[in-house]
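Accompanying notes for the structure given below.
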Amino acid sequence: MSTLISNIGSLVTNDPALGEGPLGLLADAAVVVDGDRVAWVGPGPAAPAADEAVDAGGRALLPGFVDSHAHLVFAGDRTAEFNARMSGLAYGAGGIRTTVAATRAASDAELNANLTRYLAEMLRQGTTTVEVKSGYGLSTADEARSLRIAAGHTEETTYLGAHVVAPEYADDPAGYVELVTGEMLAACAPYARWVDVFCERGAFDGDQARAVLTAGLAQGLQPRVHANQLGHGPGVQLAVELGAASADHCTHLTDADVAALAGSTTVATLLPGAEFSTRAPYPDARRLLDAGAAVALSTDCNPGSSFTSSMPFCVAVAVREMGMTPDEAVHAATAGGALALRRTDVGRIAPGARADLHLLDAPSHVHLAYRPGVPLTAAVWQGGVRKV
Ligand SMILES: [Zn+2]
Numbered sequence: 000m001s002t003l004i005s006n007i008g009s010l011v012t013n014d015p016a017l018g019e020g021p022l023g024l025l026a027d028a029a030v031v032v033d034g035d036r037v038a039w040v041g042p043g044p045a046a047p048a049a050d051e052a053v054d055a056g057g058r059a060l061l062p063g064f065v066d067s068h069a070h071l072v073f074a075g076d077r078t079a080e081f082n083a084r085m086s087g088l089a090y091g092a093g094g095i096r097t098t099v100a101a102t103r104a105a106s107d108a109e110l111n112a113n114l115t116r117y118l119a120e121m122l123r124q125g126t127t128t129v130e131v132k133s134g135y136g137l138s139t140a141d142e143a144r145s146l147r148i149a150a151g152h153t154e155e156t157t158y159l160g161a162h163v164v165a166p167e168y169a170d171d172p173a174g175y176v177e178l179v180t181g182e183m184l185a186a187c188a189p190y191a192r193w194v195d196v197f198c199e200r201g202a203f204d205g206d207q208a209r210a211v212l213t214a215g216l217a218q219g220l221q222p223r224v225h226a227n228q229l230g231h232g233p234g235v236q237l238a239v240e241l242g243a244a245s246a247d248h249c250t251h252l253t254d255a256d257v258a259a260l261a262g263s264t265t266v267a268t269l270l271p272g273a274e275f276s277t278r279a280p281y282p283d284a285r286r287l288l289d290a291g292a293a294v295a296l297s298t299d300c301n302p303g304s305s306f307t308s309s310m311p312f313c314v315a316v317a318v319r320e321m322g323m324t325p326d327e328a329v330h331a332a333t334a335g336g337a338l339a340l341r342r343t344d345v346g347r348i349a350p351g352a353r354a355d356l357h358l359l360d361a362p363s364h365v366h367l368a369y370r371p372g373v374p375l376t377a378a379v380w381q382g383g384v385r386k387v
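Numbering (numbering that gives the first Met the number 0), first residue to last: 0 to 387.
If you want it as C-alpha cells, here you go:
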C-alpha cells in the first residue's frame with residue numbers, strides 16, 4: 000500500500016542532498032510512503048502515482064520528533080512539590096523518593112497504562128520515537144519490570160538504576176553501586192539498549208559513574224550520561240571518553256567540556272523543560288553550536304523536574320532562551336535526537352527512512368517557535384501508519 004502526500008508547502012527532509020541548507024528544505028514538495036518506509040521525495044509535479052493520495056494543503060511536513068530523553072515509567076505525580084517550588088517555599092530533597100515509593104507500589108498494569116498514556120500524549124504533539132528510562136524502581140525487581148514494560152513500547156530503553164542511591168542504601172552508596180553494576184544490571188540488560196547514570200553531586204561521582212557505565216558496556220549496553228546539570232563536574236568528559244552517544248543536560252560547561260564535545264561523536268542533548276520547571280538558568284546552545292558540537296533537544300519528561308511531553312514547547316524555549324535559530328531547534332528536535340540515539344532511519348524524510356511524518360497546521364516549521372503554546376499538529380504518521 001503506497002500513499003502520495005502532495006501539495007506540501009514546505010518540506011523539512013534533514014537531508015542536505017535533497018533540499019536547501021542543513022534542513023534540506025524543499026518548497027512545493029511531495030512524499031511517497033510505501034509500507035513503513037519513505038519511498039520517494041521530490042518536487043510535487045514530478046511525483047509518481049500511488050495507491051492513495053493525501054493533500055497537505057500547502058502546509059509544512061517534517062520528520063516526527065525524536066525525543067531521546069524521557070523518564071516515563073512511574074506512578075503518581077508531584078504537583079505539591081512543584082507548587083511549593085513555584086511559590087518560593089523551601090522544599091526537601093526527598094522528591095524523587097516520592098516517585099520511587101509510588102512506582103514500587105503500583106501494579107504492572109498501572110505502570111503500563113501510565114506509559115501508554117504519555118506516549119499517546121507525545122504522539123499527538125508529533126513525537127514518533129521516544130527513549131524511555133527506568134530509574135524509579137531502584138531495586139532489582141522494580142528496575143527490571145520497569146524496563147520490561149518500556150520494552151513493550153519502544154526499542155530505545157535505558158537502564159538507569161543509577162538515578163539516585165536507593166533509600167535502603169542511603170548509608171552505603173558503595174553497596175548500591177555494587178548492586179547496580181552486578182545483580183540489577185544482569186536482570187535489566189535483556190530489556191535495555193542503553194545504560195545511563197546521573198553523574199552529579201548528590202547522586203553519583205565520576206568514579207561511580209565510570210563503574211556503572213563500564214559494567215553496562217561489558218553487558219553490551221551503550222552509554223549515555225546525565226551530565227553537568229546542576230553544576231560543573233566530570234560527566235561530560237566521562238561521556239566523551241567512553242564514546243557515549245549523548246551527554247544530557249550540559250547546563251554547566253567549561254571551555255574544555257565544550258571542546259571535548261565538539262571533538263567527539265557524543266551529542267549534547269539539551270533539556271530546557273528541566274530549567275523551565277526549576278527556574279534554573281538555561282544551557283547555552285549557541286556556544287555549543289558555534290564550537291561545532293552536535294546538539295539534540297529533548298523533553299526529559301518526568302514527574303519531578305520537567306513534566307512536559309511537548310517537543311514543540313522545547314523548540315520554542317530553545318529559540319527564545321538558548322540562542323538557537325528556529326532551523327537549528329527543529330533540526331535538534333528531529334535529526335539531533337536521532338543522532339543521540341545513533342539512529343539513521345528516523346529524524347529525516349528521505350528514501351529508505353522510516354515513514355515517521357509530522358504535518359503541521361502551519362505553512363512553515365518556523366511556526367513551532369513563532370506560535371508558542373499553540374497546538375499545531377495536523378497529522379502524524381508512524382511507520383507509515385496514520386496515527387493522528
Ligand atoms: Zn533525565
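For glycine and all other residues, C-beta sits at the position ideal for the given N, C-alpha and C.
Distance from the C-beta of Asp35 to the nearest heavy atom of ligand 1 is not below 7 Å.
Annotation for Ile148: the continuous alpha helix (DSSP H) segment containing it runs 139 to 150. In the DSSP annotation of this structure, Ser133 is not part of any alpha helix (DSSP H), being labelled neither H nor E.
Exclusion of Asn227 from the 7 Å shell around ligand 1 follows from its C-beta lying no nearer than that to any non-hydrogen atom of the ligand.
Going by beta carbons, Ala244 and Val211 fall outside the 8 Å limit.
Residue environment analysis places Met121 among the buried positions, since at least 16 neighbouring C-beta atoms fall within 10 angstroms of its C-beta. Comparing alpha carbon positions, the residue from Ala279, Ala150, Ile348, Cys187 closest to Ala38 is Ile348.
Boundaries cannot be given for Gly75, as no alpha helix (DSSP H) includes it and DSSP labels it neither H nor E. Only residues of its own chain outside the window of five on either side were considered, and among them Ser9, Leu10, Val11, Thr12, Gly18 have a CB closer than 8 Å to the CB of Leu24, listed in chain order. Judged by pairs of C-beta atoms under 8 Å, the segment 280 to 296 touches the segment 243 to 258, as three or more such pairs exist. Along the segment 107 to 132, the beta strand (DSSP E) occurs as fully enclosed runs of 3 or more residues at 126 to 129, listed in sequence order. The nearest non-hydrogen atom of ligand 1 is less than 7 Å from the C-beta of Asn301. Of the other Cβ atoms in all chains shown, fewer than 16 fall within 10 Å of the Cβ of Ala26; this residue is therefore exposed.
Relative to the non-hydrogen atoms of ligand 1, the Cβ of Asp344 never comes closer than 7 Å to any of them. Taking a contact as a CB-CB distance under 8 Å, the pair Val316 and Pro271 counts as one, their CB atoms being some 4 Å apart. If only complete runs of 3 or more residues are kept, the segment 171 to 225 shows the beta strand (DSSP E) at 193 to 198, in order along the chain. Assignment of Ala105 by DSSP, reduced to helix, strand and coil, places it in the coil class. Taken atom to atom, the span from the alpha-carbon of Val235 to that of Asn82 is near 32 Å. Annotation: Arg385 to Ala104 spans about 36 Å, alpha carbon to alpha carbon. Counting C-beta pairs closer than 8 Å gives fewer than three between the segment 69 to 87 and the segment 39 to 58, which falls short of the contact rule. Rounded to whole angstroms, the gap between the alpha carbons of Ala100 and Ser138 is 11 Å. Leu159 is not a Cβ neighbour of Arg200, given a cutoff of 8 Å. For Val379 and Arg192, the gap between their C-alpha atoms comes out near 26 Å. Apart from sequence neighbours up to five positions away, the residues of its chain that approach His366 with a beta-carbon distance below 7 Å are Leu359, Leu375, ordered along the chain. Listed as beta-bridge partners of Ile4 by DSSP are Val30, Val53. By the C-beta criterion, the segment 51 to 59 is judged not to be in contact with the segment 276 to 285, since fewer than 3 inter-stretch pairs fall below 8 Å. As computed with DSSP, Phe64 is found in a beta bridge with Thr126.
Boundaries of the alpha helix (DSSP H) around Leu338: 336 to 339.
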